[in-house]
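K.L.:
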Amino acid sequence: MTAVRPARSARRIAGIGAGTLRHVVLLAGAGLMIAPFLYMIAISFTPNSYVLTTPPQFIPENPTLDNYAQALDAQDIPRYFLNSLLVAVVSTVLSVLLSSMMAYAFARFRFPGREVIFRILLVGLMIPAVMLLIPQFVLAKHLGLLDSLGGLVVFYVAGSLALNTFLLRGFLEQTPAELDEAMQMDGANAWTRYWRLALPLAKPGLATATIFTFLACWDEFAWALTIINDPDSRTLPVAIRLLAGQGNNAVQWGVVFAASVMAVVPVIVVFLVFQRYFVQGLVSGAVKG
Amino acid sequence: MSISTLAAGAAADAAAPAPRPRIRRRRPSVTPYLFLFPGFVLFVVTVVYPIVQAVQMSLYDWRIIGSATSEFLGLDNYARALGDEHFWLSFGNTAFYLVATIPPQIVLGLLIALLLHARSPIRPLLRVLYYLPVVTSWVVVSLLFRFLFADQGLINWALGSTGLTGGDTSWLGDRWTGMLAISALGVWKGIGWSMMIFLAALQGVPQPLMEAATVDGANAWQRFRAVTLPAIRAAMAFVTVMLVIGAFNVFISVYLMTGGGPAGRTDVLLTYMYRLAFGDLEFGYGSAIAVILTLIVLVLSLAQLRLFRDRDGVAR
Chain F
3 MTAVRPARSA RRIAGIGAGT LRHVVLLAGA GLMIAPFLYM IAISFTPNSY
53 VLTTPPQFIP ENPTLDNYAQ ALDAQDIPRY FLNSLLVAVV STVLSVLLSS
103 MMAYAFARFR FPGREVIFRI LLVGLMIPAV MLLIPQFVLA KHLGLLDSLG
153 GLVVFYVAGS LALNTFLLRG FLEQTPAELD EAMQMDGANA WTRYWRLALP
203 LAKPGLATAT IFTFLACWDE FAWALTIIND PDSRTLPVAI RLLAGQGNNA
253 VQWGVVFAAS VMAVVPVIVV FLVFQRYFVQ GLVSGAVKG
Chain C
31 MSISTLAAGA AADAAAPAPR PRIRRRRPSV TPYLFLFPGF VLFVVTVVYP
81 IVQAVQMSLY DWRIIGSATS EFLGLDNYAR ALGDEHFWLS FGNTAFYLVA
131 TIPPQIVLGL LIALLLHARS PIRPLLRVLY YLPVVTSWVV VSLLFRFLFA
181 DQGLINWALG STGLTGGDTS WLGDRWTGML AISALGVWKG IGWSMMIFLA
231 ALQGVPQPLM EAATVDGANA WQRFRAVTLP AIRAAMAFVT VMLVIGAFNV
281 FISVYLMTGG GPAGRTDVLL TYMYRLAFGD LEFGYGSAIA VILTLIVLVL
331 SLAQLRLFRD RDGVAR
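Order-wise, the sequence lines are chains F and C.
Going from the first sequence to our numbering is simple: count from 1 and add 2.
Going from the second sequence to our numbering is simple: count from 1 and add 30.
1) With a threshold of 16 other CB atoms inside 10 Å of the CB of S239 (chain F), please say whether the residue is buried or exposed.
2) Going by alpha carbons, who is nearest to H147 (chain C) out of C:E115, C:V165, C:T99 and C:Q237?
3) Under the rule that 16 or more other beta-carbon atoms within 10 Å means buried, what is W168 (chain C), buried or exposed?
4) From what residue to what residue does the alpha helix (DSSP H) around A250 (chain C) run?
5) Between the C-alpha atoms of L87 (chain F) and G122 (chain C), what's the straight-line distance to the nearest angstrom?
6) Name the residues in the region 311–330 of chain C whose C-beta lies less than 8 Å from a C-beta of chain F; which are they?
7) So with Cβ pairs under 9 Å, would you call N107 (chain C) a contact of chain F?
8) Does DSSP put E117 (chain F) in a helix, in a strand, or in coil?
9) Identify the residues that DSSP records as bridge partners of Y90 (chain C): which are they?
10) Taking 8 Å as the cut-off, does the region 259–269 of chain C touch the region 219–235 of chain C (at least 3 CB pairs, one atom from each stretch)?
11) Counting only the same chain and skipping the five closest in sequence on each side, list residues whose C-beta sits under 7 Å from that of A218 (chain F).
12) Just to confirm the assignment: which complete alpha helix (DSSP H) runs, minimum length 4, are found wholly within the region 30–94 of chain F?
13) Using three-state DSSP, classify A37 (chain C) as helix, strand or coil.
14) When the Cα atoms are used, what is the spatial distance from I45 (chain F) to R205 (chain C)?
15) If you draw a straight line from the C-alpha of A226 (chain F) to the C-alpha of D232 (chain F), how long is it?
16) For G247 (chain F), which residues in the same chain have their Cβ closer than 7 Å to its Cβ, ignoring the five residues on either side in sequence?
17) With DSSP collapsed to three states, give me the class of P206 (chain F).
18) Between which residues of its own chain and T66 (chain F) is the CB-CB distance below 6 Å, once the five residues before and five after are set aside?
19) Just list the alpha helix (DSSP H) runs in the region 215–294 of chain C, keeping only unbroken ones of 4 residues or longer that don't cross its boundaries, in chain order.
20) Which whole-angstrom value is the C-beta distance of S172 (chain C) and L300 (chain C), which I expect to be below 8 Å?
21) Using a Cβ-Cβ cut-off of less than 9 Å, give me the residues of the region 44–57 of chain F that come near chain C, in sequence order.
22) Return yes when the Cβ of S331 (chain C) is within less than 9 Å of the Cβ of M35 (chain F), no when it is not.
23) If you scan the region 146–231 of chain F from start to end, which runs of the alpha helix (DSSP H) of 4 or more residues do you find wholly inside it?
24) Establish whether the CB of Y127 (chain C) and some CB of chain F are separated by less than 9 Å.
25) In this structure, does DSSP put G30 (chain C) in helix, strand or coil?
26) Check whether the region 77–94 of chain C and the region 309–318 of chain C touch, using three or more Cβ-Cβ pairs below 8 Å as the test.
27) Check each candidate in F:A131, F:T22, F:L23 and F:G126 and name the one with the smallest Cα separation from A320 (chain C).
28) Quick one: using the 10 Å Cβ neighbour count with 16 as the cut-off for buried, is F273 (chain F) buried or exposed?
29) Work out the CA separation of P134 (chain C) and M209 (chain C) for me, nearest whole Å.
30) Give me the chain C residues within the contact set of A265 (chain F), using Cβ-Cβ distance strictly less than 7 Å, ordered along the chain.
31) V140 (chain F) versus chain C: which residues are under 9 Å apart at the beta carbon?
32) Thinking C-alpha only, which one of F:D78, F:F280 and F:V271 is nearest P206 (chain F)?
33) Does M187 (chain F) come within less than 9 Å of chain C when only Cβ atoms are used?
34) Along the chain, where does the alpha helix (DSSP H) that runs through P137 (chain F) open and close?
35) Is there a Cβ of chain F sitting closer than 9 Å to that of Q182 (chain C), yes or no?
36) Measuring only the C-alpha atoms, how far is T94 (chain F) from V159 (chain F)?
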C-alpha cells in the first residue's frame, strides 16, 4: 500500500510512479462518487420527453429551466422549503439549548441521581429511532401533535437530545473549571456562568451539534411521512417523495430532480463552509450521517 | 438560593464512583436539577415512555381506533413472528443487506483512507468528493438510484452497451436484483463515512514504529498488518458496530426504491414493520417486530464490542 511516503531518494522514481497510480485510483473513485450527482443535475435541466432516452444525455441537448419553473410554481416547493427550514431551525435551537443545559449540569455539578440520569440518557442513545415510530405515533396522537409542524419539532428535539448532551458534555468538561469557580467567587449565579462562560468556551462543540442537528432535521423522512397528511405541513423530503410517486413511467424525473437539487444545495453549502466541525463531530464519535 | 442538607451531600458522595478531580465537590443544590429539568422531562415523556410502551404494546392486540379495547395476548405476537414466513423473508433481506454492504464499506473506506492519508495537493478536494454522498439526504439519493436502476436507466444502458449484460435487467422488479441495487446505494452512500473515521484513526498510527519496520525490511503489506491495523483497531470496532446498527435500520432506501415490492419480496424488517403498523394498523404485532429488532441490535453491538476488546487484550 502506498500510504507511507516513499520519500527516500533511492526509491524516488518508484515513489513518483506509485504517487501517480494512487492519484489515478483516487480520482476514479471520486468520479464514481459524484457521477450520480452530475447526472441528477443534468436531468434537472432536461425536457421531460428526453429523460430516460437511449443513449442517455449527460449534457442536455435542449437544456430547459421548465423543471425548475414547475417545481417552484406548480409544485409549491418554496412552501415546503420554508416548512423544512422553520422546523429545522426551531428544532436545532431548542435541542442545542436544552442539551447544553443538561451537559452543563453533568460537567460542572455533582448531585444525587447524576449517574442514574446519565445512564437513562445512554439507553435512549442505544435505541434505534425507527423502533419508537409506533409508540411515538400513539403518543403524538394523544397529545394532538399529528399533522402539525409542532409535532415534528417536539420529536426532532427529543430525538437529538441524548446525542447532543453527550457531545457537549465532552466539550464542556475540557474547559477549565477554574474560570467557573472564579466567576462564582465574584457572585455570578449558575445561569450567568453557563450563558456567559460555558457556552462561549464550548463554541466548537455548539457548532458541531448545531450542524448535525440541523442536517438531521432537514433530511428527516420517516417521522414526517408518518404524522403529516395535511399538504400545507409537508416538509421537503415528503414533498419530493410524493413528486416521485410509485411507478416509474409517469414520473416527471426532471421536476423531481429540480426539487432535489434545491433541497441538496443548501446542505452542500453548509457542509463546505463548516467542514472542520463535521470532522470534529465524526471523530468525537457516535455520529453517523 | 441553594437548599442543602448534610445527608444529601453524603448520598451524592456515595453515588459518585470515582470523583474526577476537575469537578470540585459542591454542596448539593437544586441548581443542577433546574438545568436538567426541561430537557430531561421532554426526554422521559417522548423517548423513555415510548420505549416502555413499545414493549407493552407488543403484548397486546393493540387497537388505535376509537374506543375499541386492546386484548392482552402475552407473547403471542412474538410467537406469531417466529412462525411468520414474511417476517423471515424480511429478516433474510436485512441479513443480505448487512452482508452485502458492510464488508465493502470497511474495505473500500479503509483503502481510500490509506490512499488519502499521504500528502497530496488535491487531498482536501478528494475528501469532500468522497464525503458528499454522506451528507446528502437519503430521500434524494434513494430516488436518484431508483432512477439509475430503472428498466431504461443508466445502469442498464451502461451494462448493455459494454456487453456485460443484455441491458434488460429489471433490477427493481425482482427480489435479489432489487436487494443488490439497494445495497449498491448503501455502499455508495456509506464509504465516505467509514473513510472519514479511518482517516482520523490513521493519524494515531505511530510513525517511529512505521519507520523502524521499514528499516527492518518489512514490505507495505507487512507494515499494514503489523503496525497500521493494530493501531486502528478501536476505529475498526466502532465502524463495524455502527454499520451493523445502520444496516438493521435500513428503511428509507427500500421504501423509496422498491417500496418493498414486488409483492413484498424486497421487504426488510423495518419496511415490513411500517406496513404492518401504518398500513394494516397491526400496532401490537408491529411493536413486537420493533422490539425483536432492537434486541438483535443491542446483543450484536455488545458482542462485537466484546470481541474486539478481547482480541485487543486490553480492557477499555
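Note that the Cβ used here is the ideal one computed from N, Cα and C, for glycine as well.
P.N.:
In short, the structure shows the following:
1) The sequence position of residue 239 (chain F) within the first sequence is 237, counting from 1. The question names Ser, but residue 239 (chain F) is Pro in the sequence shown. P239 (chain F) comes out buried.
2) Position 117 of the second sequence, counted from the start, is the residue given in the question as residue 147 (chain C). Closest by alpha carbon: C:Q237.
3) Sequence index remark: in the second sequence, residue 168 (chain C) carries index 138 (1-based). The residue in question, W168 (chain C), is buried, as its Cβ has 16 or more Cβ neighbours within 10 Å.
4) Locating residue 250 (chain C) in the second sequence gives position 220, where the first residue counts as 1. A250 to R253 is the extent of the alpha helix (DSSP H) around A250 (chain C).
5) On the first sequence, position 85 is the one that residue 87 (chain F) refers to. On the second sequence, position 92 is the one that residue 122 (chain C) refers to. Whole-angstrom Cα-Cα distance: 38 Å.
6) F313, G316, S317, A320, V321, L323, T324, V327 and L328
7) Counting from one through the second sequence, the residue named residue 107 (chain C) turns up at place 77. So, not an interface residue.
8) As a working mapping, residue 117 (chain F) is identified with position 115 in the first sequence. Residue state, collapsed to three classes: helix.
9) Counting from one through the second sequence, the residue named residue 90 (chain C) turns up at place 60. The partner list for Y90 (chain C) (beta bridge, DSSP) reads C:F102.
10) yes
11) Counting from one through the first sequence, the residue named residue 218 (chain F) turns up at place 216. Taken in chain order, the residues that qualify are S162.
12) 68–74
13) Here residue 37 (chain C) is taken as the residue at index 7 of the second sequence, counted from 1. Confidence at A37 (chain C) is low in this model, with a pLDDT of 34, below 50, so its placement is unreliable and no value can be given for it.
14) For this step, residue 45 (chain F) is matched to residue 43 along the first sequence. For this step, residue 205 (chain C) is matched to residue 175 along the second sequence. Straight-line Cα distance between these residues: approximately 28 Å.
15) The residue you call residue 226 (chain F) lines up with position 224 of the first sequence. The residue you call residue 232 (chain F) lines up with position 230 of the first sequence. Distance between the alpha carbons of A226 (chain F) and D232 (chain F): 11 Å.
16) Translated into positions along the first sequence, residue 247 (chain F) becomes position 245. Closer than 7 Å at the Cβ level, and outside the excluded window around G247 (chain F), lie V253.
17) In the first sequence, residue 206 (chain F) corresponds to position 204, counting from 1. Of the three classes helix, strand and coil, the one that applies to P206 (chain F) here is helix, per DSSP.
18) Counted from its first residue, the first sequence places residue 66 (chain F) at position 64. Cβ neighbours of T66 (chain F) beyond the five flanking positions: P49.
19) 237–245, 250–253, 263–278 and 282–287
20) Within the second sequence, the letter at position 142 stands for residue 172 (chain C). Within the second sequence, the letter at position 270 stands for residue 300 (chain C). Not quite, the Cβ-Cβ distance comes to about 14 Å (not below 8 Å), so this is no contact.
21) I45, V53, L54, T55, T56 and P57
22) Translated into the one-based positions of the first sequence, residue 35 (chain F) becomes position 33. Translated into the one-based positions of the second sequence, residue 331 (chain C) becomes position 301. Not closer than 9 Å, so no.
23) 151–176, 179–187, 205–221 and 224–229
24) Taking the second sequence and counting its residues from 1, one reaches residue 127 (chain C) at position 97. No - not a single Cβ of chain F is within 9 Å of the one on Y127 (chain C).
25) A question about residue 30 (chain C) goes unanswered here, because the residues of chain C that appear run from 31 up to 346.
26) yes
27) The residue labelled residue 320 (chain C) in the question sits at position 290 within the second sequence. Closest by alpha carbon: F:A131.
28) The residue given as residue 273 (chain F) occupies position 271 in the first sequence. With 16 or more other Cβ atoms within 10 Å, it is buried.
29) Translated into the one-based positions of the second sequence, residue 209 (chain C) becomes position 179. Translated into the one-based positions of the second sequence, residue 134 (chain C) becomes position 104. If I take the Cα positions, the gap works out to 15 Å.
30) Translated into positions along the first sequence, residue 265 (chain F) becomes position 263. Result: S167 and V170.
31) Translated into positions along the first sequence, residue 140 (chain F) becomes position 138. What V140 (chain F) touches in chain C: P80, Q83, M87, W92, I94 and F313.
32) Here residue 206 (chain F) refers to the residue found at position 204 when the first sequence is read from its first residue. Here the closest residue by C-alpha is F:F280.
33) The residue labelled residue 187 (chain F) in the question sits at position 185 within the first sequence. Taking Cβ atoms only, chain C never reaches closer than 9 Å to M187 (chain F), which makes this a no.
34) On the first sequence, position 135 is the one that residue 137 (chain F) refers to. Residues L135 to H144.
35) Taking the first residue of the second sequence as 1, we reach residue 182 (chain C) at position 152. Output row for Q182 (chain C): interface = yes.
36) To locate residue 94 (chain F), count along the first sequence from 1; it is residue 92. To locate residue 159 (chain F), count along the first sequence from 1; it is residue 157. If you take the alpha carbons of T94 (chain F) and V159 (chain F), they lie about 7 Å apart.
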